[in-house]
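Residue numbers (the numbering used here): 30 to 111. Okay, so here's the structure we're looking at.
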């Protein structure tokens, strides 16, 4: 199954480790982790002109999306019924 993360970007749900509300994670440790992943080139930022709403951790990368974590979870739950 696949999940649309916004900006025409789709990933396999089996690759998702976690979906987090990025607005809730403004600690220094979180900022350090994200900065390190940016430097490694493991971050895909799907937002253009606005702040990301969610952080999706996958098996090989971090994806920043403008779609809220709750909406992404609901999408995943809705499509898992089929």
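For glycine and all other residues, C-beta sits at the position ideal for the given N, C-alpha and C.
| Taking the alpha-carbon positions, what's the residue 57 to residue 63 distance? | Going by the C-alpha atoms only, they are around 10 Å apart.
| CB-CB under 7 Å to residue 83, same chain, minus the five flanking residues each way: which ones, in chain order? | 48, 49, 50, 51, 94, 96, 97, 98 and 101
| query | What residue from 36, 30 and 32 has the CA that sits closest to residue 77's CA? | reply | 36
| field | C-beta contact flag for residue 90 and residue 74 at 8 Å | value | No.
| query | Just reading off the beta strand (DSSP E) that residue 75 is part of, what are its end residues? | reply | Premise fails: residue 75 is in no beta strand (DSSP E) and is neither H nor E.
| query | Is residue 87 helix, strand or coil by DSSP? | reply | Secondary structure of residue 87 (DSSP, three-state): strand.
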